[in-house]
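Protein chains in written order, with this note's numbering: chain Y, 1 to 110; chain Z, 111 to 344.
For every residue, glycine included, the Cβ atom is placed at its ideal position computed from N, Cα and C.
These figures come from a predicted structure and were not determined experimentally.
The structure appears below as structure tokens.
Next up, the structure:
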């Protein structure tokens with residue numbers, strides 16, 4: 001029963017990633033590939049070994065997952081960093097505009 | 111306006127970015143007020159009492175409600191001067207609020223920017239005063255200058271000096287986005303990009319235990335390096 005539920009989750013994730021709008025094509029691709037690999041690994045680990053062999057990864061499916069996890073973690077950090085910088089920039093613009101507006105009001109009030 | 115009719119008191123605005131400088135800012139501004147009528151302080155989200163201190167000194171104060179960094183403070187001052195500067199202001203001098211720059215140097219820079227052909231004057235500690243710079247800092251600054259010279263079309267001996275003078279005509283061309291200390295590099299890059307005429311002038315920096323504790327640390331140097339990479343990749 002649990003196996004079917006997990007398979008259903010991967011199927012839902014796959015179709016959800018097809019219809020959901022993403023700001024980055026990489027994120028969409030990651031979600032699609034991730035859900036397909038997840039689905040395949042639940043059905044049988046040997047499928048993932050086949051994919052790993054095809055990609056030339058000696059250690060099989062487990063190594064393939066390790067590589068994917070590392071790449072995902074790295075991309076997540078880069079993406080978050082960029083996002084923080086972008087928010088920081090927007091915040092700075094707001095603070096500067098507020099400061100200038102306030103000083104303009106102070107000048108007019110004098 | 112002819113050069114002879116210009117005066118540093120009326121035609122130059124001193125821009126001071128300030129962050130938590132309650133111990134020294136009053137004396138810094140008092141010294142400058144003797145020579146300059148126009149002083150613009152950008153309070154960059156200070157959490158000490160310096161905001162209240164400067165508000166009673168008769169200078170123009172712009173307040174950032176949170177700390178954004180020295181670059182953002184200078185950028186705000188540029189925006190203010192571009193939009194609201196009285197027509198008699200034709201140049202500005204930037205200096206630190208921690209008292210590292212002498213008021214004599216600031217006056218010399220102001221006088222020079224009014225009369226010279228160049229639009230920007232960069233202060234340099236390496237034109238006669240390099241012995242006054244603490245050993246490690248001296249070498250880090252020299253390395254930063256080499257790196258910045260490599261990345262920009264401008265050749266300077268000191269790229270991270272808070273003391274600068276510039277004409278408002280140059281300021282109108284700048285577009286500064288970097289908020290931290292690396293804004294110096296961005297400003298230099300803007301000078302190169304727009305082909306603005308520039309020169310360097312010698313300036314001494316007074317290193318006290320107070321100013322050393324406020325200045326750039328080596329860890330800040332890593333952040334500057336990070337900003338430089340971002341700046342180049344833009």
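Report task. Output the residue ranges of the alpha helix (DSSP H) runs that lie fully inside the segment 252 to 281 of chain Z and measure 4 residues or longer, sorted by chain position. Result -> 278 to 281
Query - Nearest to residue 314 (chain Z) (by Cα), restricted to the options Z:271, Z:286, Z:293, Z:308 - result: Among Z:271, Z:286, Z:293, Z:308, the Cα nearest to that of residue 314 (chain Z) is on Z:271.
Query raised in the report: What are the start and end residues of the alpha helix (DSSP H) that includes residue 183 (chain Z)?
Result: 180 to 194
**Report entry** Simplified DSSP state of residue 292 (chain Z), which is helix, strand or coil
**Finding:** coil
Query raised in the report: Within the 9 Å Cβ cut-off, does residue 278 (chain Z) reach chain Y?
Result: no
Query raised in the report: Alpha carbon to alpha carbon, what distance is there between residue 191 (chain Z) and residue 165 (chain Z)?
Result: 19 Å
Query raised in the report: At least one CB of chain Z closer than 9 Å to the CB of residue 25 (chain Y): is that the case?
Result: no
Query raised in the report: For residue 174 (chain Z), which beta-bridge partners are listed by DSSP?
Result: In the DSSP output, where bridge partners are listed per residue, residue 174 (chain Z) has Z:154.
Query raised in the report: Would a check of beta-carbon distances place residue 86 (chain Y) closer than 9 Å to chain Z?
Result: no
Requested in this report: Could you check the C-alpha separation between residue 123 (chain Z) and residue 257 (chain Z) for me, to the nearest Å?
Outcome: Roughly 31 Å separates the two Cα atoms.
Query raised in the report: Where do the ends of the alpha helix (DSSP H) carrying residue 31 (chain Y) lie?
Result: 25 to 43
Report task. Answer with yes or no whether the minimum CB distance from residue 103 (chain Y) to chain Z is below 9 Å. Result -> yes
Requested in this report: Give me the Cα-Cα distance between residue 35 (chain Y) and residue 14 (chain Y), rounded to the nearest whole angstrom.
Outcome: In a straight line, the C-alpha of residue 35 (chain Y) is about 6 Å away from that of residue 14 (chain Y).
Requested in this report: Compare the C-alpha of residue 128 (chain Y) against each of Y:75, Y:89, Y:106 and name the closest.
Outcome: Missing from the structure shown is residue 128 (chain Y); chain Y here goes from 1 to 110 and no further.
Query - Short Cβ contact (9 Å threshold) for residue 156 (chain Z) with residue 141 (chain Z) - result: no
Query raised in the report: Considering only residues of the same chain and omitting the five flanking positions on each side of residue 167 (chain Z), which have a CB-CB separation below 6 Å?
Result: 139
Query raised in the report: Would you report the Cα separation of residue 17 (chain Y) and residue 43 (chain Y), rounded to the nearest angstrom?
Result: 21 Å
**Report entry** Proximal chain Z residues relative to residue 75 (chain Y), where beta-carbon distance stays under 8 Å
**Finding:** Below the 8 Å Cβ cutoff, chain Z contributes no neighbours of residue 75 (chain Y), its closest Cβ being approximately 17 Å away.
Query raised in the report: Does any CB atom of chain Y fall closer than 9 Å to the CB of residue 129 (chain Z)?
Result: no
Requested in this report: Leaving out five residues on either side along the sequence, give the residues of the same chain with a beta carbon under 6 Å from the beta carbon of residue 216 (chain Z).
Outcome: 203, 205
Query raised in the report: For the 8 Å Cβ check, are there 3 or more pairs between the segment 237 to 246 of chain Z and the segment 289 to 302 of chain Z?
Result: The segment 237 to 246 of chain Z is not in contact with the segment 289 to 302 of chain Z.
**Report entry** Buried/exposed call for residue 188 (chain Z), threshold 16 Cβ in 10 Å
**Finding:** Under this definition residue 188 (chain Z) is a buried residue.
Query - C-beta atoms of residue 121 (chain Z) and residue 200 (chain Z) nearer than 9 Å - result: yes
Requested in this report: Would you mind sorting residue 84 (chain Y) into buried or exposed? The rule is 16 or more other CB atoms within 10 Å of its CB.
Outcome: Burial state of residue 84 (chain Y) is exposed, judged by a 10 Å Cβ sphere holding fewer than 16 other Cβ atoms.
Query raised in the report: In chain Y, which residues lie with their C-beta within 8 Å of the C-beta of residue 211 (chain Z)?
Result: The premise fails here: residue 211 (chain Z) is roughly 24 Å from chain Y at the closest Cβ pair, so nothing lies under 8 Å.
Query raised in the report: Closer than 9 Å, Cβ to any Cβ of chain Y: which residues of the segment 161 to 174 of chain Z, in chain order?
Result: 170, 171, 172, 173, 174
**Report entry** Inside the segment 194 to 248 of chain Z only - alpha helix (DSSP H) runs reaching at least 4 residues
**Finding:** 213 to 225
Report task. Compare the C-alpha of residue 264 (chain Z) against each of Z:213, Z:197, Z:301, Z:160 and name the closest. Result -> Z:301
Query raised in the report: So, are the CB atoms of residue 181 (chain Z) and residue 289 (chain Z) less than 9 Å apart?
Result: yes
Query raised in the report: So which of Z:209, Z:232, Z:317 has the shortest CA-CA distance to residue 245 (chain Z)?
Result: Z:317
Requested in this report: Give the single residue among Y:38, Y:20, Y:30, Y:28 whose Cα lies nearest to the Cα of residue 11 (chain Y).
Outcome: If you compare the alpha carbons of Y:38, Y:20, Y:30, Y:28 with that of residue 11 (chain Y), the shortest gap goes to Y:38.
Query raised in the report: Skipping 5 residues on each side, what residues in its chain have a beta carbon closer than 6 Å to that of residue 283 (chain Z)?
Result: 304
Query - Anticipated Cβ contact below 8 Å, residue 306 (chain Z) with residue 207 (chain Z), distance rounded - result: Residue 306 (chain Z) to residue 207 (chain Z), Cβ: 26 Å. No contact.
Query raised in the report: At a CB-CB cut-off below 7 Å, which residues of chain Z make contact with residue 92 (chain Y)?
Result: 178, 182, 289
Query raised in the report: For residue 285 (chain Z) versus residue 232 (chain Z), is the C-beta spacing smaller than 9 Å?
Result: no
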